[in-house]
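Let me begin by presenting the structure, written as structure tokens, before commenting on it.
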Amino acid sequence: MTTKIIIKNKKASFLYFLLDEYSAGIVLQGTEIKSIREGKANLTDSYCAFIGDELFLLNAHIAEYAYGNRFNHEPKRPRKLLLNRRELKKIKGKITEKGLTIVPTQLYINENGLCKVDIAIAKGKKVYDKRESIKERDSKLDLKRRGY
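Residues in the sequence shown are numbered from 19 upward in steps of one, following our numbering.
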């Protein structure tokens, strides 16, 4: 595959400190992969949660496929994430700590044509941490404009 589709969650790195990252497979229905290949997905307000012993991606929007018929999918349905049992236990143990959550950082199609989701264990930033991120981003942009 020559083109690599990557849908990023830019808001996640601004709102959270990303601690540990994992790459997970995702269970999709028929027309969802076609919408992802067109780049019509959004991870902005999505998060991951355990339902029983399984990890699910919640509130992720994958648009309905334009050429789909009555068998089209629901845009915001919960989607199961595929990880090893060992990784799931490790993540579940860390999440029990106060203030940690699981956020998806990017959705992409790998070289084998499979859809993957990068998830991260994250801790929320305070207001002053967000201000630091803004200052850092602005200074990098200013240096880039000056040609350094």
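We treat Cβ as the ideally placed atom computed from N, Cα and C, and that holds for glycine.
Under the three-state reduction of DSSP output, Tyr-34 falls in the strand class. Annotation for Tyr-126: no alpha helix (DSSP H) segment contains it, though the beta strand (DSSP E) segment containing it runs 118 to 127.
His-79 and Ile-113 have their C-alpha atoms spaced approximately 24 Å apart. Gly-165 and Arg-155 have their C-alpha atoms some 16 Å from each other. Distance from the Cα of Asn-60 is smallest, within the candidate group Gly-142, Leu-125, Leu-118 and Asn-87, for Leu-125. By the Cβ-count criterion, Ser-64 is buried, with 16 or more other Cβ atoms from all chains shown falling within 10 Å of its own Cβ.
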